[in-house]
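Everything in the sequence shown is counted per our numbering, starting at 905 for the first residue and increasing by one. For glycine and all other residues, C-beta sits at the position ideal for the given N, C-alpha and C. Note that the coordinates shown come from a computational prediction; the quantities given were computed from them, not determined experimentally.
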Amino acid sequence: MTFSTFTLADQAWLVARVSLAALLGGCIGFERGNAGKSAGIRTHMLVAASSALAVGLGELARVRAGTGDPTRMMHAVVTGIGFIGGGMIYTMKRARGPYGLTSAATVVLVAGIGMAAGAGAPLLAGAGTALTLVTLSGVQAIEGRLRLLRSTEEISDEDSVDDD
905 MTFSTFTLAD QAWLVARVSL AALLGGCIGF ERGNAGKSAG IRTHMLVAAS SALAVGLGEL
965 ARVRAGTGDP TRMMHAVVTG IGFIGGGMIY TMKRARGPYG LTSAATVVLV AGIGMAAGAG
1025 APLLAGAGTA LTLVTLSGVQ AIEGRLRLLR STEEISDEDS VDDD
């Protein structure tokens, strides 16, 4: 297989998919960066774009040259990104308890979004991005209210202690 096997149209098709993946990854990275997390826009864009590129190249190799397997590329992406996510948790573990779990999860999820874009499923990639953003922003607000409610209940329990 040579790169001349890939036509200009093939390459343009893949550039569009990789660009979509980078854009969607950037949306999630923007949210993470605004939340003050170390993995921000660049990290998420690069993970999504590289995932889309790997899957897209696997698909092009299968279609044009009769070799290649996009599912193997997906497996390789998930394995590699899993190591990056694990490293994010490990290097940030100096804080009290496990730290960086959500950032690691978003990096793994962005790889999935990139793979969806690279495989030609833009609706799935977009829906995954929207669900991720709703989860990151909406659930955080709910968690904050629950923490406030719990701390208010603890204070009222202390006030109602009977001193016999």
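Minimum C-alpha distance to Ile993 - residue among Val922, Thr1006, Val981
Thr1006
Burial state of Ser942 (16 or more Cβ within 10 Å)
exposed
Report the three-state DSSP secondary structure of Asp973 (helix, strand or coil).
coil
With a threshold of 16 other CB atoms inside 10 Å of the CB of Gly1048, please say whether the residue is buried or exposed.
exposed
Go through its chain and collect everything with a Cβ distance to Gly960's Cβ below 7 Å, but skip five positions before and after it.
Leu918, Arg921, Val922, Gly1022
Cα-Cα separation, Thr1033 to Gly970:
32 Å
Would DSSP call Pro1002 helix, strand or coil?
coil
Just mark Arg1054 as buried or exposed, buried being the case when its beta carbon has 16 or more other beta carbons within 10 Å.
exposed
What is the residue span of the alpha helix (DSSP H) that Ser923 lies within?
912 to 938
Quick check on DSSP: helix, strand or coil for Gly944?
coil
Which value, in whole angstroms, describes the spacing of the CA atoms of Ala913 and Tyr1003?
44 Å
Ala980 versus Arg966, Arg968, Val967, Gly962, residue with shortest Cα-Cα distance:
Gly962
For Thr950, which residues in the same chain have their Cβ closer than 7 Å to its Cβ, ignoring the five residues on either side in sequence?
Before going on, a small fix: residue 950 reads as Leu here, not Thr. Nothing meets the Cβ criterion.
Just mark Val1065 as buried or exposed, buried being the case when its beta carbon has 16 or more other beta carbons within 10 Å.
The predicted position of Val1065 is uncertain, since its pLDDT is 48 and thus under 50; no value can be drawn from it.
Cβ distance (whole Å) where Val967 is taken to contact Ile985 below 8 Å:
Contact doesn't hold; Cβ gap of about 25 Å is too wide.
Inside the region 1026 to 1057 only - alpha helix (DSSP H) runs reaching at least 4 residues:
1026 to 1038
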